[in-house]
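Below: one structure, written as structure tokens.
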Amino acid sequence: MKQVFTRILGIEVSYTTKVEDFIKHTGPKITYTKQPLQNEFFVRSNDLLFEQGINDFEIVMGNWEGIPCFFATGEGSALPFDIFSASFYLITRYEEYLPYVKDSHGRFSPKESVGYKNKFLQIPVVDFWAFKLLDALKERFPDIEREKRTYNYLSVIDVTSSHCFAQRGFVRSIAGFLLDLGSFKLRRVGQRISVWLNPKKDPYDNFSTLIETHKQKNVKSMFFFQFATYSTYDKNVSTNNNKFRFLIKSVADYSIVSLCASYSSFDDIHLLKQEKKNLANVINRPVNYSRMRYNRVDVPETYRNLINAEFTDDYTMGYTHEIGFRAGTCTCFYFYDLHLELQQPIRIHPFAVHDYALVNAKKSDEIIRKLDALQHSIKKVQGEFITIFSNELLGGSSRIDWKDLYVQILNRYNS
206 MKQVFTRILG IEVSYTTKVE DFIKHTGPKI TYTKQPLQNE FFVRSNDLLF
256 EQGINDFEIV MGNWEGIPCF FATGEGSALP FDIFSASFYL ITRYEEYLPY
306 VKDSHGRFSP KESVGYKNKF LQIPVVDFWA FKLLDALKER FPDIEREKRT
356 YNYLSVIDVT SSHCFAQRGF VRSIAGFLLD LGSFKLRRVG QRISVWLNPK
406 KDPYDNFSTL IETHKQKNVK SMFFFQFATY STYDKNVSTN NNKFRFLIKS
456 VADYSIVSLC ASYSSFDDIH LLKQEKKNLA NVINRPVNYS RMRYNRVDVP
506 ETYRNLINAE FTDDYTMGYT HEIGFRAGTC TCFYFYDLHL ELQQPIRIHP
556 FAVHDYALVN AKKSDEIIRK LDALQHSIKK VQGEFITIFS NELLGGSSRI
606 DWKDLYVQIL NRYNS
């Protein structure tokens with residue numbers, strides 16, 4: 206209720222289970238149950254919010270004036286669908302508590318989601334439902350008061366490899382050189398030598414350009430640095446490298462810097478805490494925000510670990526290879542642990558686009574068309590548009606000029 210009314214619609218609400226208090230109230234009021242009391246605004250409830258434990262609900266899709274919906278209410282209800290149960294189902298990631306086949310990194314596949322299966326993954330349906338509820342309330346209560354919110358854009362930069370060739374250490378540099386040479390990647394060999402001899406800047410080292418671009422365009426941004434020891438999936442520069450540490454400190458002077466937790470810390474709470482502490486020591490300020498490597502989220506364990514490590518906010522809620530809204534919303538929300546039946550003190554900021562979902566596109570125009578549709582939906586509900594890009598992709602060589610495309614994205618969506 207707080208998510209729908211307070212955080213999305215900006216309406217303060219109070220609650221009662223006492224019939225006499227409800228009847229005495231003279232302002233706008235709603236009953237959420239199986240039967241109405243009088244002639245009030247009545248929303249017939251689904252069983253979901255009144256049950257304990259986790260059950261496999263059958264999702265039967267319907268349509269509410271062009272917006273996909275589920276959990277139909279039937280006759281007598283002021284709304285055709287129980288938006289509270291449906292919103293709860295999506296925002297809590299209820300379906301991720303049910304049995305599912307994990308991918309090679311232990312992740313929930315977007316193709317398993319109700320949003321993907323029913324073709325509404327790219328619509329923030331929870332926010333649309335909330336605004337349709339607002340329209341219905343205004344018909345009954347024309348003087349209803351609310352605090353309006355505004356559209357917002359946030360650019361998140363993932364830094365899991367700050368440099369491609371430089372700052373890698375002697376052994377790793379020689380090993381990489383021999384591997385490229387043995388694979389006949391002569392262009393990369395040439396790039397390596399150019400960077401080593403220092404006439405050419407490392408292709409991944411685009412931080413000053415990004416910061417300057419963000420300043421010029423007044424873009425709200427965040428940089429998530431991986432600050433971990435080397436492993437199979439964690440291959441950033443050594444945390445002992447003074448130039449790497451200086452880079453992080455310099456970026457932190459202009460933008461929010463926080464932790465991209467390593468692959469190895471996914472199920473190791475002690476390592477997660479250590480990485481957080483080590484990064485905080487570099488930037489000399491608290492590290493409160495997290496992102497998980499490869500967007501690995503195992504509900505609810507991942508969020509329990511983040512809470513245990515004292516993170517306040519997380520930016521991992523989304524899919525790596527599909528654009529859209531994993532939790533059905535473009536509004537941040539507090540994590541609710543279904544096993545504990547308890548709202549937890551960590552806010553989840555859902556992102557709409559990860560750059561790896563765009564790499565198979567053949568032209569920039571194709572990407573812009575997809576992102577335009579996303580932004581159009583988000584602007585309709587005055588939500589937050591969060592994109593995730595990596596310095597690797599922006600600095601890499603491809604048929605698409607990612608730096609130019611990134612500037613286009615900032616120009617189009619940061620307003």
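Quick note: the sequence shown uses my numbering, first residue 206, plus one each step. All residues carry an ideal CB built from backbone N, CA and C; glycine is no exception. Remember, it's a predicted structure, so these values are computed and weren't measured experimentally.
Cβ separation of residue i and residue j, assumed to be a contact under 8 angstroms, to the nearest whole Å
| i | j | result |
| --- | --- | --- |
| K337 | W269 | 6 angstroms |
| E245 | K229 | That pair is no contact at about 13 angstroms. |
| S595 | D542 | Between D542 and S595 the Cβ distance is about 30 angstroms, and since that is not below 8 angstroms, they are no contact. |
| A566 | I605 | 7 angstroms |
| S314 | L326 | Rounded, the Cβ-Cβ distance is 12 angstroms, inconsistent with contact. |
| H554 | I591 | 6 angstroms |
| G600 | N411 | 5 angstroms |
Distance between residue j and residue i (C-alpha atoms, nearest Å)
| i | j | result |
| --- | --- | --- |
| Y305 | S463 | 31 angstroms |
| Q243 | G281 | 12 angstroms |
| H581 | V224 | 42 angstroms |
| C274 | R531 | 16 angstroms |
| L254 | T238 | 10 angstroms |
| D472 | P505 | 12 angstroms |
| F382 | R496 | Because the pLDDT at F382 is just 46, under 50, the model does not fix this residue reliably, and the value given afterwards should be weighed accordingly. Looking at the two C-alpha atoms, the distance is approximately 31 angstroms. |
| L359 | I416 | 14 angstroms |
| S470 | T365 | 14 angstroms |
| R312 | Y299 | 15 angstroms |
| V492 | C537 | 19 angstroms |
| V586 | Y356 | 8 angstroms |
| L547 | D609 | 45 angstroms |
| V209 | V487 | 39 angstroms |
| F403 | V456 | Sequence check: residue 403 is Asn here, not Phe. So the two alpha carbons sit approximately 22 angstroms from each other. |
| I551 | T437 | 29 angstroms |
| I159 | R490 | Look at the range of the chain in this structure, 206 to 620, and you will see that residue 159 is not part of it. |
| V442 | E597 | 13 angstroms |
| D252 | D287 | 10 angstroms |
| I296 | K440 | 33 angstroms |
| S467 | D226 | 52 angstroms |
| F333 | L214 | 11 angstroms |
| P329 | G533 | 5 angstroms |
| H310 | T236 | 44 angstroms |
| Y220 | F247 | 14 angstroms |
| D570 | A562 | 15 angstroms |
| Y524 | Y459 | 28 angstroms |
| A433 | V502 | 19 angstroms |
| R450 | L477 | 18 angstroms |
| K324 | N483 | 42 angstroms |
Secondary structure of residue i, DSSP reduced to three states
| i | result |
| --- | --- |
| N357 | strand |
| D609 | helix |
| S463 | strand |
| D213 | The sequence as given places Ile at residue 213; Asp does not occur at that position. It is helical. |
| S250 | coil |
| Y237 | strand |
| G267 | strand |
| S602 | coil |
| V504 | coil |
| D407 | coil |
| F382 | With a pLDDT of only 46 at F382, under the threshold of 50, the placement of this residue in the model should not be trusted; the figure read from the coordinates follows. The answer is helix: DSSP assigns F382 an H, G or I state. |
| V364 | strand |
| F262 | coil |
| S595 | strand |
| N323 | coil |
| V224 | helix |
| Y305 | coil |
| P315 | helix |
| N423 | coil |
| Q208 | helix |
| F412 | helix |
| K440 | coil |
| T418 | helix |
| E256 | coil |
| N619 | coil |
Continuous alpha helix (DSSP H) stretch holding residue i: start and end
| i | result |
| --- | --- |
| S290 | I288 to I296 |
| S495 | Element bounds for S495: not the alpha helix (DSSP H) but the beta strand (DSSP E), Y494 to M497. |
| H475 | I474 to I488 |
| A341 | V330 to R345 |
| L284 | Premise fails: L284 is in no alpha helix (DSSP H) and is neither H nor E. |
| V456 | N447 to A457 |
| L242 | Unbroken run through L242: none, as it is neither H nor E. |
Near the ligand HEM: residue i beta-carbon under 7 angstroms from a heavy atom
| i | result |
| --- | --- |
| A291 | Among the components of this structure there are no ligands whatsoever, and the ligand HEM is therefore not found. |
Endpoints, beta strand (DSSP E) assigned at residue i
| i | result |
| --- | --- |
| I272 | I272 to F275 |
| F429 | S426 to F430 |
Neighbour flag for residue i against chain D, beta carbons, 8 angstroms
| i | result |
| --- | --- |
| K229 | Here chain D cannot be found, since the structure has a single protein chain. |
For the segment 516-589, list the beta strand (DSSP E) runs that are entirely contained and at least 3 residues long, ordered along the chain. 538-542 and 547-553
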